[in-house]
Amino acid sequence: GTVCSLGMLLVLFNWRPRLAVLAKCTSCPLPMADTLLLRRNKAQGLPHETPVIFFTCTATFFLLFFLTLVSFPRRQIFGDNIIDVPVKSYPQLLFEEVLNPFYMFQVFSIILWMSERYYYYAVCILIISFLSIAVSLYEIRKRLHVLCGLCYLEEECVSSVDLVPGDCVVIPSEGLLLPCDAALLAGECMVNESMLTGESVPVMKTPLPFSGGAYTPESQRRHTLFCGTHIIQAKGGCPGGKGAIAVVARFFTAKGDLVSSILYPQPLNFRFYKDAMKFLLFLGVLALIGTIYSVVMLYKSNTPWAELVIRSLDIVTIVVPPALPAAITTGTIYAQNRLKKKGVFCISPPRINISGKISLFCFDKTGTLTEEGLDVWGVKVVNGSGFDELVPDPRLLPDGPMLSGLASCHSVALLEGQPIGDPLELKMIESTGWVWATVYNTFLFFILAIVRRFPFSSTLQRMSVVTVGPGGGSACCFLKGSPEMVASYCVKESVPSQFTNTLREFASEGFRVLALAYRELDAQTDLSSLEREDIETEMRFLGLLVMKNQVKPESPGVISTLRQAQIRPVMVTGDNILTALNVAHACRMVLPHEQVFFVHASPPTVNSMASLRFHQGEGGTGTVSTQETMDILDLKYHLAINGKSFAVLCDHFPEYLPKILMRGTVYARMSPDQKTQLVKALQNLNYRVGMCGDGANDCGALRAADVGVSLSEAEASVASPFTSKTDNISCVPLLIREGRCSLVTSFSLFKYMALYSLIQFSSVVILYTVKTNLADLQFLFCDLFLVTLLAIVMGRGGPSDELHPQRPPASLLSVPLLCALLIHTLLLIVTQVSVLLITISQEWYIPLNSTRTGPQNLPNMEDTGVFDVSGFQYILMSIIVTKGYPYKKPLYYNGAILKEHLGKMYIL
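Take the sequence shown: its position 689, counted from the start at 1, is 689 in full-length UniProt numbering, and no numbers get skipped.
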């Protein structure tokens, strides 16, 4: 088959590996199989049919069998602990690149032009294609070498390649770059996970709890050290209080999944790219019609068969321009460079065009809409059955559990004498006036030492520590977290009766509120074996820590700009719903005259069914029964919902979910998984969703969104397609404006390249009719020095300074666009035919030699007339299709294209 098809069968199998499997193999039961074909799941970031991975069935069943044998070496089961990124040689890359359909078409075109003696043009295209392939190969090799450097790790004692699940590893006190996913068994580690999450604040990792239950790295993130992350410091796990001990947890690591997503990114579901392929198919049909017409006309003129075939096939290279794929990316390249100059970096250029269609943008609150740092506003201490007056400075508190809890309940660590950790906790400790120092494997706070730490989790919404006094006596447990969560773990008698009203009062004024609780432990308690469930029970409520979080000055203006542009802003946060609503008012996400309804969804119980209610206030007043009742209100309204109600809504009221999502503006107490779930639910409603955040809690949502923007200074390129070096959301309208400009430019260039091919197609067909054709240098001038340079400068126009309420179209096959192309094409053909007829009717007209055909009877007046008018048509079409307002700056701002037009008109 390969010989009969002249190698084209191998080319087809290279494009579609699945066809190669179907051609070489037959389906059979699994035990009899020699080859296993793994197909891609659409939810994963692998291409539709590549890479196809093959496993022999023998190896697969041996693997399953030997997993049960303890004596079998584990390394022979799992293989090497290495993320294998194959770096192919230049000949291999060249072979694969040349087999690309685009370059195959280029090769076909060059061979055809050589046979027609268009040597100048063919050589120029060959040089350009060679340079393009060389640059492409260099970039591919460079990227693969960078990924290899990212994946390869080597340690002093044992090669990281030899690690397998179950191995215990000792982490030195000075830390290291971790070569595997490992569960922490002993000691504490301060870890920089910015490479995976984009979170620049180091994270404290604590030992895995001894309680039963299945271990998964995703559910036990606070006890898992991930491959590729940098361990800054390890302590408390080895003799002398230095270092830590961990066990290799799994073979498929988070970093490996990351590298896989970089090598095989998730395909983009964008209509513009789909319509572009359909339009190319239409041009192919048009080329077929032109070829048939050329065959008929050349046959009538008694053209030799060899020349007839070559000149007929030449129509295909004219109608389907080889430079079309490169031309439509010009606008994206210019936009990417402009964004880079303004501190916005992009690792997925096709998403720039998608950002031009954004209709809804989600924002995290803390660190995104509001300042990262928090200022302590005061402390509200419990006194009997009520609260004392607000103490503005924690230093004024008497020695007692509340002051001790503020100083010790945190995940801050010392690195070379400097505290590192969450900015909120650093402010909290600073406000107490206490100092700390590292003593062996504990932190000493005057008379307190932290001996166990259970770090904060967004899902649990709390953290706890175990402390002891001098000599190991008077052990206490402190709990800190969201007030509602902390109160649920306290004995009811210790929670003040005005707890709810006090919390609502602070939250409605925009304060960030944390609660603290404590419990004394028995002297006989084995502190080393305590689990979280053992200490986080029957706590005594201590009071509230009130912190003020200021809205960033840029936030209100950006939100107003988005609303004026009909782009809906949404807040997704883990904070209290009333605090989030206060920030929404301050950011102008909710205007003063707009009503807010709170959504309360309760799960089913033994005695009641699941319920869904709408309230005009968080206190439960003004109940509105159904969503339909709310739709008849005259005033605009917003919905606010918390994470618990959102979960119940998804599970028990899915029919109401779309209606609530279309009105929801504030989503509070949302876990990281719920943020991702919300983004996907909005996408299912045909929203183009953007997400802007700054921390690890937003990582999943940033990846799931159509356009994810990380405000992190860290290596956040792996967490989101876009990274902004500015610490505010002013980059969002900039990105949308650049996206709209790039999308409109891509449209303009696509229409221009299509019209260019149609102009040249009509010119060649008209000249074929009179038994002549364009000359070699005329083709060269039109394609390279006229059209290509115009296409390059057309993309230089910058974005408009304002966001227009109407978004640009994304479909190339819309009726207005197709009608415009049809009308332009008819006018162009009529103009060329008119010029030809006018030329023939002149007294000075000299007829061409009808005994010759094609380039042999050049020069002649027919060719000159059609060529000149087509040159002016190329220039005029570049002006007509270059759309400016309201997405781009007017044409006169693009000085390069003005100079190009004047120069080309002068030459013609």
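Glycine residues also receive a C-beta, built at the ideal position from the N, C-alpha and C atoms.
Exercise. Leaving aside the five residues before and after Cys453 along the sequence, list all residues of the same chain whose C-beta is less than 6 Å from its C-beta, in chain order.
Key: The count along the sequence shown starts at 1 and reaches residue 453 at position 453. Sequence inspection shows Arg at residue 453; the Cys mentioned does not correspond to that position. Result list for Arg453: Thr206, Val465, in chain order.
Quiz item: What's the gap between the Cα of Glu307 and the Cα of Tyr118?
Solution: The count along the sequence shown starts at 1 and reaches residue 307 at position 307. The count along the sequence shown starts at 1 and reaches residue 118 at position 118. Taking the straight line from one Cα to the other gives about 13 Å.
Exercise. To the nearest angstrom, report how far apart Ala716 and Pro799 are at their CA atoms.
Key: As a position in the sequence shown, residue 716 is number 716, starting the count at 1. As a position in the sequence shown, residue 799 is number 799, starting the count at 1. With a pLDDT of only 42 at Ala716, under the threshold of 50, the placement of this residue in the model should not be trusted; the figure read from the coordinates follows. In a straight line, the C-alpha of Ala716 is about 26 Å away from that of Pro799.
Quiz item: According to DSSP, what are the bridge partners of Phe597?
Solution: Here residue 597 refers to the residue found at position 597 when the sequence shown is read from its first residue. Its beta-bridge partners are Leu639.
Self-check item: Rounded C-alpha distance that separates Ser555 from Arg462
Solution: Stepping through the sequence shown from its first residue, residue 555 is reached at position 555. Stepping through the sequence shown from its first residue, residue 462 is reached at position 462. Taking the Cα positions, Ser555 is about 29 Å away from Arg462.
Quiz prompt | Environment of Thr573 [buried if 16+ CB atoms lie within 10 Å] | solution = Here the question's residue 573 lines up with position 573 in the sequence shown. Buried.
Quiz item: What is the residue span of the beta strand (DSSP E) that Cys692 lies within?
Solution: The count along the sequence shown starts at 1 and reaches residue 692 at position 692. Secondary structure note for Cys692: its beta strand (DSSP E) is the uninterrupted segment 689-693.
Quiz prompt | Residues that Ser611 bridges to, as DSSP identifies them | solution = Start at 1 with the first residue of the sequence shown, and residue 611 comes out as number 611. DSSP output for Ser611 lists Ser602 as bridge partner(s).
Quiz item: Among residues of its own chain, excluding the 5 on either side of Tyr687, which ones have a beta-carbon nearer than 6 Å to its beta-carbon?
Solution: Residue mapping note: residue 687 aligns to position 687 of the sequence shown, counting from 1. Excluding sequence neighbours, Tyr687 sits near Ser359, Leu360.
Quiz prompt | As assigned by DSSP and simplified to three states, the class of Leu702 | solution = Along the sequence shown, read from residue 1 onward, the residue named residue 702 stands at position 702. Looking at Leu702 - three-state DSSP - the assignment turns out to be helix.
Exercise. Label Ile125 either buried or exposed according to how many other C-beta atoms from any shown protein chain fall within 10 Å of its C-beta, with 16 as the threshold for buried.
Key: Indexing the sequence shown from 1 puts residue 125 at position 125. Buried is the call here.
Self-check item: Top-ranked residue by Cα proximity to Phe499, from His638, Leu542, Glu531, Gln524
Solution: Position 499 of the sequence shown, counted from the start, is the residue given in the question as residue 499. Nearest option by C-alpha distance: Leu542.
Quiz item: Does the region 534-551 come close enough to the region 368-388 that 3 or more CB-CB pairs lie under 8 Å?
Solution: Short answer: they touch.
Quiz item: Which value, in whole angstroms, describes the spacing of the CA atoms of Phe779 and Phe761?
Solution: What you label residue 779 is simply residue 779 of the sequence shown in a count that begins at 1. What you label residue 761 is simply residue 761 of the sequence shown in a count that begins at 1. Approximately 12 Å between the Cα atoms of the pair.
Practice problem: Could you tell me the distance, in whole angstroms, from the CA atom of Leu612 to the CA atom of Tyr887? | Solution: Counting from one through the sequence shown, the residue named residue 612 turns up at place 612. Counting from one through the sequence shown, the residue named residue 887 turns up at place 887. Near 43 Å, if we compare the C-alpha coordinates of Tyr887 and Leu612.
Self-check item: Segment contact, 8 Å Cβ cut-off, at least three pairs: the region 503-511 with the region 336-352
Solution: At 8 Å Cβ cutoff, the stretches do not touch.
Practice problem: Kindly indicate which three-state DSSP category Trp113 falls into: helix, strand or coil? | Solution: For the purposes of this step, residue 113 is identified with residue 113 of the sequence shown, where counting begins at 1. Assignment of Trp113 by DSSP, reduced to helix, strand and coil, places it in the helix class.
Quiz item: Since Leu185 contacts Ile245 with CB under 8 Å, what's their CB separation in whole angstroms?
Solution: Here residue 185 is taken as the residue at index 185 of the sequence shown, counted from 1. Here residue 245 is taken as the residue at index 245 of the sequence shown, counted from 1. A Cβ-Cβ separation of about 5 Å places Leu185 in contact with Ile245 under the 8 Å criterion.
Exercise. Compute the beta-carbon to beta-carbon distance between Ser763 and Gln832, rounded to the nearest angstrom, for a pair I have assumed lies under 8 Å.
Key: Within the sequence shown, numbered from 1, the residue matching residue 763 stands at position 763. Within the sequence shown, numbered from 1, the residue matching residue 832 stands at position 832. That pair is a contact at about 6 Å.
Quiz item: Trp844: buried (16+ other C-beta within 10 angstroms of its C-beta) or exposed?
Solution: Walking along the sequence shown from the start, residue 844 turns up at place 844. Exposed, because fewer than 16 other Cβ atoms sit within 10 Å of the Cβ of Trp844.
Quiz item: Leaving out five residues before and five after Pro604 in sequence, what residues of the same chain have Cβ atoms less than 8 Å from its Cβ?
Solution: Translated into the one-based positions of the sequence shown, residue 604 becomes position 604. Closer than 8 Å at the Cβ level, and outside the excluded window around Pro604, lie Ala610, His652.
Quiz prompt | Beta-carbon proximity of Gly166 to Lys235, cut-off 8 Å | solution = Taking the first residue of the sequence shown as 1, we reach residue 166 at position 166. Taking the first residue of the sequence shown as 1, we reach residue 235 at position 235. Taking 8 Å as the Cβ cut-off, Gly166 and Lys235 do not qualify as a contacting pair.
Quiz item: CB-CB under 8 Å to Arg311, same chain, minus the five flanking residues each way: which ones, in chain order?
Solution: Taking the sequence shown and counting its residues from 1, the one referred to as residue 311 is at position 311. Contacts found: Glu116, Ser294, Leu298, Thr303, Tyr768, Asn773, Gly854.
Quiz item: Going by the beta-carbon positions, is the gap between Leu682 and Leu649 smaller than 8 Å?
Solution: The residue labelled residue 682 in the question sits at position 682 within the sequence shown. The residue labelled residue 649 in the question sits at position 649 within the sequence shown. Not closer than 8 Å, so no.
Exercise. Within 10 angstroms of the Cβ of Glu738, are there 16 or more other Cβ atoms? Answer buried if so, exposed if not.
Key: Taking the first residue of the sequence shown as position 1, residue 738 is located at position 738. Buried, because 16 or more other Cβ atoms sit within 10 Å of the Cβ of Glu738.
Practice problem: Would you mind working out which of Thr502, Glu505, Arg519 sits nearest Cys490, comparing C-alpha positions? | Solution: Within the sequence shown, numbered from 1, the residue matching residue 490 stands at position 490. Comparing Cα-Cα distances from Cys490 to each of Thr502, Glu505, Arg519, the minimum goes to Arg519.
Quiz prompt | Buried versus exposed call for Gln524 [16 or more other C-beta atoms within 10 Å across all chains shown] | solution = On the sequence shown, position 524 is the one that residue 524 refers to. Exposed, because fewer than 16 other Cβ atoms sit within 10 Å of the Cβ of Gln524.
Quiz prompt | Coarse secondary structure for Leu891, derived from DSSP in three states | solution = Here the question's residue 891 lines up with position 891 in the sequence shown. Residue state, collapsed to three classes: helix.
Practice problem: Using the Cα positions of Asn642 and Val599, report the straight-line distance between them to the nearest angstrom. | Solution: Start at 1 with the first residue of the sequence shown, and residue 642 comes out as number 642. Start at 1 with the first residue of the sequence shown, and residue 599 comes out as number 599. Whole-angstrom Cα-Cα distance: 8 Å.
Quiz item: CB Arg351 to CB Pro809, shorter than 8 Å?
Solution: Here the question's residue 351 lines up with position 351 in the sequence shown. Here the question's residue 809 lines up with position 809 in the sequence shown. No, they are not a contact pair.
Quiz item: Taking Cβ positions, are Gly865 and Cys782 nearer each other than 8 Å?
Solution: The sequence position of residue 865 within the sequence shown is 865, counting from 1. The sequence position of residue 782 within the sequence shown is 782, counting from 1. Cβ distance not < 8 Å, so Gly865 and Cys782 don't count as in contact.
Self-check item: Where Val787 sits in the DSSP three-state scheme
Solution: On the sequence shown, position 787 is the one that residue 787 refers to. Of the three classes helix, strand and coil, the one that applies to Val787 here is helix, per DSSP.
Quiz item: So what's residue 909 in DSSP terms, helix, strand or just coil?
Solution: Outside the shown range of the chain, which is 1 to 908, sits residue 909, and nothing can be said about it.
Exercise. Return the CA-CA distance between Ile289 and Lys771, expressed in angstroms with no decimal places.
Key: Residue 289 sits at position 289 when you count from the first residue of the sequence shown. Residue 771 sits at position 771 when you count from the first residue of the sequence shown. Cα to Cα, the separation comes out at about 19 Å.
Exercise. Name the residue from Leu516, Leu735, Ala33, Tyr667 whose alpha carbon lies nearest to the alpha carbon of residue 914.
Key: Look at the range of the chain in this structure, 1 to 908, and you will see that residue 914 is not part of it.
Quiz item: Where Ser602 and Leu657 are concerned, what is the direct C-alpha to C-alpha distance, given to the nearest angstrom?
Solution: For the purposes of this step, residue 602 is taken as the residue at position 602 of the sequence shown. For the purposes of this step, residue 657 is taken as the residue at position 657 of the sequence shown. For Ser602 and Leu657, the gap between their C-alpha atoms comes out near 14 Å.
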